[in-house]
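In our numbering, the protein residues as written are 3 to 210.
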């Protein structure tokens, strides 16, 4: 039987569920219903049930979901139950902020290496990470088995960095540069463009 293709929208909602479930766990809440989840997250409870049902039967009708069990299952679905090393290129303000935030993450997905092309940034310490030259990228990524790359360089450098990531064997890229990058079909790219998001948000100022 062919496994149904899971839409990107469903996958993007899973971390939202996980974040709130973790909050419930910190408050020692043991059970939660799709109604409660929907009310808190401003989502249709039926949509939440449908999203989770793509991956298995995690709840009990009339009772809801065991919070700890659902956290475990969503972490498995998102592969957060395994070590996923991440590399970042671009030790500017954004890159430094991401590396600093990295220190507070409790998940197994963490930045393990940071690179830059500017000589004055090489050797700089950001938390427990030392900025490395781009020449070291290939070997470091292979050594640490890095699977995800983050790009925080200016637009004109982004494609070159993406090419280097692909050549080194990176399987997915999060691109903060305000430009579309091209990669092979077997490499996944997500674009995080602040400018585009702000522009689209501005439209709604006079369109409630």
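C-beta atoms are modelled at their ideal positions from N, C-alpha and C, and glycine is treated no differently.
Residue range of the alpha helix (DSSP H) that includes residue 167:
From DSSP, the alpha helix (DSSP H) with residue 167 extends over 157 to 170.
The alpha helix (DSSP H) spanning residue 196 covers which residue range?
Boundaries of the alpha helix (DSSP H) harbouring residue 196: 196 to 205, taken from the DSSP string.
From 58, 54, 70, residue whose alpha carbon lies closest to that of residue 26:
Cα-wise, what sits closest to residue 26 is 70.
Round the Cβ separation of residue 77 and residue 39 to the nearest angstrom and send it over; I've been treating them as touching at under 8 Å.
That belief does not hold up - the Cβ atoms of residue 77 and residue 39 are roughly 17 Å apart, past 8 Å.
Please state whether DSSP places residue 42 in a helix, a strand or coil.
In the three-state reduction of the DSSP assignment, residue 42 falls in the helix class, which pools H, G and I.
Using only CA atoms, which one of 135, 92, 140, 88 lies nearest to residue 157?
Nearest of 135, 92, 140, 88 to residue 157, Cα basis: 92.
Taking a contact to mean a Cβ-Cβ separation below 8 Å, would you say residue 72 touches residue 111 in this structure?
No, these two residues do not count as a Cβ contact at 8 Å.
Name the two residues that bound the continuous alpha helix (DSSP H) containing residue 75.
Residue 75 -> alpha helix (DSSP H) spans 69 to 79.
Based on Cα-Cα distance, which residue from 171, 35, 167, 58 lies nearest to residue 183?
It is 167.
Straight-line gap, residue 2 to residue 120 (C-alpha atoms, nearest Å)
This structure gives no information on residue 2, because the portion of the chain shown stretches from 3 to 210.
Close beta carbons around residue 142, own chain, < 6 Å, minus the five adjacent residues each side:
So the list reads 115, once near-sequence residues are dropped.
To which residues does DSSP link residue 20 through a beta bridge?
Paired residue(s): none; residue 20 is not in a bridge.
Nearest to residue 32 by CA position, among 8, 11, 61, 80, is which residue?
Residue 61 is the option with its Cα nearest to residue 32.
With 16 other CB atoms within 10 Å as the buried threshold, where does residue 13 fall?
It is exposed - the Cβ of residue 13 has fewer than 16 other Cβ atoms within 10 Å.
7 Å CB neighbourhood of residue 97 in its chain, flanking five on each side removed:
Counting only Cβ-Cβ distances below 7 Å, and skipping sequence neighbours, we find 90, 116, 154.
In terms of alpha-carbon separation, which member of 56, 200, 148, 137 lies closest to residue 7?
Answer by Cα proximity: 56.
If you draw a straight line from the alpha carbon of residue 201 to that of residue 63, how long is it in whole angstroms?
Those two C-alpha atoms are separated by around 43 Å.
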